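Encoded as structure tokens, the structure appears first; notes follow it.
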Amino acid sequence: MGENVTLVSQDRLVKKSRKEQFIHIITRWESILFLILLIEILVNSLISPYFLDYFNLMNSTFIFMEKAILALPIIFVIMCGDIDISVASTLALSSLFMGMVAQAGADTATVVAVGLGVGLLAGAFNGFLITKFDIPAVAVSIGTMSLYRGIAHAVLGDMAYTDYPESFAYFGQGYVGNTVIPFQLVWFLLMAVVFGIVLHKTPFGRKLYAIGNNRTAAQFSGIKVQKIRFIVFSVTGLMAGMAAVMLTSRIGSTRPVIANGWELEAITMVVLGGVAISGGKGKIGGVITSIFLLGFLRYGMGLVNVPGKVMNIFTGFLLIIAILLPELIEKARKSKELKRQKKENEKKLEMQTS
Amino acid sequence: MNKPIDMKQLISRYREIPLVLLIITLFLIINIRTPGFISPSNIYKILDDTCILMIIGMAQLLVLLIGGIDLSIGSTMALSGMSVAMLNQYNPDIPILALVAITLLIGAVLGAFNGVLVAYGNIPAVITTLGTINIYRGFTFLLSGGQWVGAHEMTDGFMAIPNTPFLGISSMIWVTVIVIVFLFLFTNYSVRGREIYALGNNETASIFAGIKTKKVKLTSFILSGVLASLAGLLYVTNYASAQNDTATTFELQAVAACVIGGVSITGGIGTVPGVVLGAFFIGIVNNALPVIDLSPFYQMAIHGFVILLAIVSNTLMDRRTERLILQKRSL
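Chains as they are written, first to last, in numbering that gives the first Met the number 0: chain A, 0 to 353; chain B, 0 to 330.
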């Protein structure tokens with residue numbers, strides 16, 4: 000009699016776990032995001048007949064690929080439990096120096112090299128201050144946020160650099176071959192693959208997760224935490240330089256307010272993509288989904304003439320909701336689990352007493 | 000037992016001493032370049048210009064003390080300033096005192112929104128306020144429809160708020176002095192004020208000590224919002240214009256005032272006098288720029304440089320103080 004009962008309950012257990020597995024996949028953050036993306040595309044195409052046009056859709060990626068490039072390294076930064084709010088200012092600084100050398104008559108290759116180099120240096124400076132003096136990343140990056148853009152303001156005043164070599168325009172405006180696929184989109188996808196492989200398939204990526212989950216434990220298990228954080232901030236600068244190349248090339252000019260406030264969107268892309276703000280959790284797939292989610296959201300709102308500042312309200316709320324929602328779900332799940340355990344305990348007690 | 004005064008110990012205890020020396024040196028150097036910089040009228044002008052920065056510096060202090068950071072100060076200033084300016088524009092009959100009360104109430108609500116998300120939603124302050132910096136700014140735009148409120152659309156009584164002299168000193172300075180005294184008393188002598196320091200020093204320990212940490216965090220953010228809205232009101236009335244990009248990047252200046260004043264970015268360390276001096280330091284620099292032939296476009300870069308310098312030196316000083324304490328213990 001007793002054996003029968005356990006058999007039945009075991010059977011039920013297996014079934015339930017399968018069901019739970021299914022629910023787990025469905026309710027995974029990445030799956031929810033993908034569903035929202037599909038709904039968004041549907042709604043957008045209902046609102047505006049121009050949305051689903053293949054050519055339009057391809058072109059719409061122009062408006063968020065630079066932000067997407069900024070978002071990729073921020074995955075690493077947030078994965079480590081850090082934050083970098085200076086990326087948009089780094090972009091401005093990079094663009095400033097590109098404008099300077101272009102003004103002096105440099106060719107495209109030099110301009111690009113300067114853009115990437117200045118970004119790398121700016122990021123390395125962040126990393127140096129953060130790791131050498133062990134200062135919180137938020138403090139350093141709020142200083143450099145002001146310093147880097149401040150340098151652009153100081154040099155340019157109310158002027159702008161607009162003299163760029165003709166071939167430089169390709170990075171921001173070009174299409175691949177004779178297709179209507181923007182170079183920016185292809186380049187971003189390539190970068191996304193690189194970052195995905197580093198994050199999920201290399202020891203470096205594993206170390207990022209380890210640092211984010213428990214920095215002290217990571218240190219004691221022999222991971223060179225400070226060195227890795229330094230690399231992460233340097234890479235962030237380099238990618239900001241890359242975004243600077245693309246953006247400067249696309250709009251063909253450098254003003255001190257270039258990419259103002261973009262750190263919000265880049266960070267929102269990452270956090271909405273399911274990277275835990277406390278570090279140590281998240282996948283590249285989620286971030287790529289959220290990049291397109293946010294990008295198409297902006298594109299859709301643009302089609303119905305929503306001003307940029309109003310779009311920022313949505314982005315701001317999305318950032319907050321993206322952190323609040325998983326926490327609330329987790330809380331609800333935990334309290335449900337507790338209730339279930341309580342009930343089982345009561346049942347056991349009842350059986351024992353009877 | 001007459002102990003000799005240990006200069007090093009005194010300085011590490013009172014951060015304000017080197018800052019005062021620094022300010023005096025700065026004054027002297029600028030005065031060499033431009034005689035007349037140290038004159039009562041110019042110092043009064045600098046003070047008058049720095050009032051708003053002092054107030055938002057203290058708003059930032061309250062949040063930095065609990066280990067957070069408030070990036071939404073500039074947007075809070077803009078939204079509350081714009082709301083109240085438009086109220087004045089469309090209903091000129093509303094008495095000034097009511098307008099002031101409404102401003103502070105708006106500030107309290109905006110601050111509470113930040114505070115609830117940080118305290119009860121467990122969202123890091125930097126992320127919360129990075130969201131609200133854009134949300135509040137966006138609402139300013141929605142509210143005004145992209146328009147701005149100019150001097151001829153405000154009532155004279157409204158514009159007189161910061162500029163009514165009393166005993167020969169403008170009301171803006173009086174308001175600032177009152178705020179400074181209130182916050183000095185609040186942070187040093189009230190239970191909630193001391194709880195803010197305890198929480199910033201060690202959150203876990205303060206929970207075990209029975210401090211209601213969530214309420215303390217909420218208090219900090221509400222007060223910060225109220226101060227920011229007050230600064231917004233003063234800004235809008237003093238410059239007689241409420242615009243969509245009013246007070247952009249003011250939160251960075253507030254951070255600069257704090258870290259120069261010795262406020263630790265990790266929480267628990269910082270004083271009201273320190274922040275007031277820090278703000279005054281920035282006020283001098285801002286006022287000196289045209290005098291030494293530098294365009295105001297240099298301001299942002301200088302603030303950033305000063306923030307970094309102050310943060311690094313604060314960190315090094317904290318380390319040394321820690322070492323001193325440890326040494327004393329081992330003796």
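By construction, the Cβ of each residue, glycine as well, lies at the ideal position given by its N, Cα and C atoms. Predicted, not measured: the structure shown is a model, and the values here were computed from it.
Here residue 287(A) has 191 as same chain residues with Cβ atoms under 7 Å from its own Cβ, once five neighbours each way along the sequence are excluded. Here the alpha carbons of residue 91(A) and residue 253(A) stand approximately 8 Å from one another. Chain-order list of chain B residues neighbouring residue 135(A): 264, 265, by C-beta distance under 8 Å. Below 8 Å, too few C-beta pairs join the region 296-303 of chain A and the region 112-123 of chain A to call them touching: fewer than three.
When 8 Å is used as the limit between beta carbons, residue 316(A) is near these residues of chain B: 130, 134, in chain order. Identification of residues in the region 142-154 of chain A having a C-beta nearer than 9 Å to some C-beta of chain B yields 142, 143, 144, 145, 146, 147, 148, 149, 150, 151, 152, 153, 154, given in sequence order. At least 8 Å separates the beta-carbon of residue 99(A) from that of residue 243(A). Of the candidates 109(A), 258(A), 39(A), 64(A), the residue whose Cα lies closest to the Cα of residue 183(A) is 64(A).
Against chain A, the CB of residue 76(B) has no partner CB under 8 Å away; the residue lies outside that interface.
DSSP, reduced to helix, strand and coil, places residue 279(B) within a helical segment of the structure shown.
Between residue 229(A) and the set 327(A), 50(A), 83(A), the nearest pair of CA atoms involves 83(A). Straight across, the Cα-Cα distance linking residue 106(A) with residue 113(A) is about 11 Å.
In this structure, residue 197(A) lies near residue 204(A), with their beta-carbon atoms less than 8 Å apart.
Note on the region 77-132 of chain A: whole alpha helix (DSSP H) runs with a minimum of 4 residues are 86-102, 107-131, in chain order. At a cut-off of 8 Å between C-beta atoms, residue 282(B) does not count as an interface residue with respect to chain A. Not one beta carbon of chain B lies nearer than 8 Å to the beta carbon of residue 237(A). In the three-state scheme derived from DSSP, where H, G and I count as helix and E and B as strand, residue 290(B) is classed as helix.
For residue 278(A), there is no enclosing alpha helix (DSSP H), since its DSSP letter is neither H nor E. Put simply, the CB of residue 229(A) is far from chain B, with every gap to its CB atoms at 8 Å or more. Not a single C-beta of chain B is nearer than 8 Å to the C-beta of residue 324(A).
Judged by DSSP in its simplified three-state form, residue 148(B) adopts strand. Listed along chain A are 153, 156, each with a C-beta nearer than 8 Å to that of residue 294(B). By the Cβ neighbour-count rule, residue 203(B) is exposed, with fewer than 16 other Cβ atoms within 10 Å of its own. Listed along chain B is no residue with a C-beta nearer than 9 Å to that of residue 271(A); the closest approach is about 11 Å. Nearest Cα to residue 282(A) within the set 195(A), 319(A), 265(A), 322(A): 195(A).
Boundaries of the alpha helix (DSSP H) around residue 30(B): 15-32. Our two residues, residue 239(A) and residue 266(B), have alpha carbons roughly 30 Å apart in a direct line.
In this structure residue 163(B) is exposed. Its beta-carbon is surrounded by fewer than 16 other beta-carbon atoms within 10 angstroms. If the five residues before and after residue 103(B) are omitted, its C-beta is found closer than 7 Å to the C-beta atoms of 225, 228, 229, all from its own chain and listed in chain order. In the three-state scheme derived from DSSP, where H, G and I count as helix and E and B as strand, residue 258(A) is classed as coil. The beta carbon of residue 308(A) sits closer than 8 Å to some beta carbon of chain B. In the DSSP secondary-structure assignment, residue 181(A) is bridged to 174(A).
At a cut-off of 4 residues, the continuous stretches assigned as alpha helix (DSSP H) that sit fully inside the region 208-235 of chain A are 214-219. Listed along the chain, the chain A residues whose CB falls inside 8 Å of the CB of residue 251(B) are 141, 144, 145. Out of 147(A), 148(A), 129(A), 258(A), the CA that lies nearest to the CA of residue 232(A) is found in 129(A).
Measuring C-alpha to C-alpha distances from residue 290(A) to each of 118(A), 266(A), 343(A), 88(A) identifies 266(A) as the nearest.
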